[in-house]
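Inspection log for the structure reproduced underneath, given as structure tokens.
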Amino acid sequence: MKRRFDQLDVFTAEALRGNPLAVVHDAQGLDDARMAAFARWTHLSETTFLLPPTDAQADYRVRIFTPEGELPFAGHPTLGSCHAWLTAGGRPREDGVVVQQCGVGLVKVRRDAGRLAFAAPPLRRSGPLDATQLQQIRETLGLGESEVRAHQWVDNGPGWCAVLLDSAERVLALRPDWPRLGTLKLGVVGRHPAGSEAQFELRAFIGGGNFEDPVTGSLNASVAQWLIGAQLAPSCYVAAQGAALQRAGRVHIASEDDTVWVGGDVSVCIQGEVLL
36 MKRRFDQLDV FTAEALRGNP LAVVHDAQGL DDARMAAFAR WTHLSETTFL
86 LPPTDAQADY RVRIFTPEGE LPFAGHPTLG SCHAWLTAGG RPREDGVVVQ
136 QCGVGLVKVR RDAGRLAFAA PPLRRSGPLD ATQLQQIRET LGLGESEVRA
186 HQWVDNGPGW CAVLLDSAER VLALRPDWPR LGTLKLGVVG RHPAGSEAQF
236 ELRAFIGGGN FEDPVTGSLN ASVAQWLIGA QLAPSCYVAA QGAALQRAGR
286 VHIASEDDTV WVGGDVSVCI QGEVLL
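Read in order, the letters of the sequence shown are residues 36 to 311 in this note's numbering.
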């Protein structure tokens with residue numbers, strides 16, 4: 036049957052500079068195998084399927100698929116799916132706040148300075164990396180022992196761990212040795228010089244699939260929780276991601292009342308119908 040379909044670019048106000056997302060509306064009747072097959076076919080980092088909620092507190096339910104399988108949560112699919120739902124005429128129960136139901140539970144999305152922002156979900160795993168994992172990361176990235184300033188598990192669903200380096204310049208210069216990364220999902224962050232448009236540069240390396248994600252909402256969310264909580268970052272900042280892939284993603288972070296909000300612009304690239 037015909038279903039509404041959107042392809043969006045998330046974390047950018049300029050199309051083709053962020054992270055693309057495919058969104059299928061009114062996905063009732065599609066089974067897991069069909070959703071997974073379509074996600075493999077789009078071959079984007081994520082494809083989402085919008086469904087009626089099963090929780091009375093939610094406005095809609097989303098299922099998030101990569102070409103390899105389903106995720107309980109991801110950041111740019113949350114913002115993109117919410118944008119698509121609102122554009123299609125969705126009306127939230129509460130003014131100014133949309134409640135998304137997904138694999139990690141309920142996630143709030145609000146309008147913030149003209150853009151959407153989601154409330155970062157709680158971490159599923161935190162704490163420092165062990166010595167073996169840290170050595171694996173150093174070898175993968177070609178880092179000296181003193182170059183890792185801090186490290187942490189920052190898993191809010193996808194399985195992220197992260198390391199903090201001296202500078203954004205060092206982050207951008209990295210050339211990972213993919214076989215050494217194994218199955219780790221690794222975020223790397225470094226600070227830009229004072230006065231820069233963005234305060235931090237992030238890169239996201241996905242082990243197993245051996246690819247770099249252009250702009251990663253879930254990673255930015257959990258890194259912000261870590262850095263702000265450890266007083267390694269201010270309560271509000273802008274993170275840049277994607278320069279190494281000729282993208283220009285911008286992620287707007289704001290910590291308010293113990294909640295980290297992760298915001299970004301969404302640009303529409305394709306609107307139409309899909310036969311599924």
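From the three backbone atoms N, C-alpha and C, an ideal C-beta is built for every residue, glycine too.
Exercise for the section: State the Cα-Cα distance for the pair valine 45 and glycine 53, rounded to the nearest angstrom. Expected result: On the sequence shown, position 10 is the one that residue 45 refers to. On the sequence shown, position 18 is the one that residue 53 refers to. Those two C-alpha atoms are separated by around 5 Å.
Handout entry: Rounded straight-line distance, which links the Cα of glycine 177 to that of leucine 209
Key = The residue labelled residue 209 in the question sits at position 174 within the sequence shown. The residue labelled residue 177 in the question sits at position 142 within the sequence shown. For leucine 209 and glycine 177, the distance between alpha carbons rounds to 8 Å.
Handout entry: Contact belief for valine 58 with threonine 83 at Cβ below 8 Å, rounded distance in angstroms
Key = Residue mapping note: residue 58 aligns to position 23 of the sequence shown, counting from 1. Residue mapping note: residue 83 aligns to position 48 of the sequence shown, counting from 1. Valine 58 to threonine 83, Cβ: 5 Å. Contact.
Practice task
State yes or no: is the C-beta of asparagine 191 within less than 8 Å of the C-beta of proline 156?
Solution key: The sequence position of residue 191 within the sequence shown is 156, counting from 1. The sequence position of residue 156 within the sequence shown is 121, counting from 1. In this structure, proline 156 lies closer than 8 Å to asparagine 191 by Cβ.
Practice task
Note the first and the last residue of the continuous alpha helix (DSSP H) segment covering asparagine 255.
Solution key: Start at 1 with the first residue of the sequence shown, and residue 255 comes out as number 220. 252-264 is the span of the alpha helix (DSSP H), which, as asked, contains asparagine 255.
Practice task
Determine the extent of the alpha helix (DSSP H) in which threonine 122 is found, giving its start and end residues.
Solution key: Within the sequence shown, the letter at position 87 stands for residue 122. Looking at the DSSP string, the run of the alpha helix (DSSP H) that includes threonine 122 is 110-122.
Practice task
Tell whether a beta-carbon distance below 8 Å holds between tryptophan 188 and glycine 162.
Solution key: Position 153 of the sequence shown, counting from 1, holds the residue named residue 188. Position 127 of the sequence shown, counting from 1, holds the residue named residue 162. For tryptophan 188 and glycine 162, yes; Cβs fall inside 8 Å.
Practice task
Kindly give me the distance between the Cβ atoms of glutamine 136 and arginine 96, rounded to whole angstroms, as I take these residues to be in contact under 8 Å.
Solution key: Here residue 136 corresponds to residue number 101 of the sequence shown, with the count starting at 1. Here residue 96 corresponds to residue number 61 of the sequence shown, with the count starting at 1. Yes, they are in contact, since the Cβ atoms of glutamine 136 and arginine 96 sit about 4 Å apart, within 8 Å.
Practice task
Note down, in chain order, each residue of its chain lying with its Cβ closer than 8 Å to the Cβ of lysine 37, except the 5 sequence neighbours on either side.
Solution key: Along the sequence shown, read from residue 1 onward, the residue named residue 37 stands at position 2. The answer, listed in chain order, is Glu308, Val309 and Leu310.
Exercise for the section: Measure the Cβ-Cβ separation of alanine 319 and phenylalanine 235 and say whether it is below 8 Å. Expected result: This structure cannot speak to residue 319, because the chain is shown only from 36 to 311.
Exercise for the section: Using alpha carbons as the reference points, say which of Arg98, Asp212 and Ser290 lies closest to alanine 71. Expected result: For the purposes of this step, residue 71 is identified with residue 36 of the sequence shown, where counting begins at 1. Checked all of Arg98, Asp212 and Ser290; the closest Cα to alanine 71 is Arg98.
Practice task
Name the two residues that bound the continuous beta strand (DSSP E) containing arginine 146.
Solution key: Residue numbering aside, residue 146 sits at position 111 when the sequence shown is read from its first letter. Run containing arginine 146: 140-147, per the beta strand (DSSP E) assignment.
Exercise for the section: Within its chain, find whatever has a CB closer than 6 Å to the CB of arginine 205; leave out the 5 residues flanking it on each side and keep chain order. Expected result: Sequence index remark: in the sequence shown, residue 205 carries index 170 (1-based). Gly225, listed in sequence order.
Problem - Under 8 Å between C-beta atoms of alanine 74 and threonine 101 - result: Reading the sequence shown from its first residue, position 39 is the one you call residue 74. Reading the sequence shown from its first residue, position 66 is the one you call residue 101. Yes, they are a contact pair.
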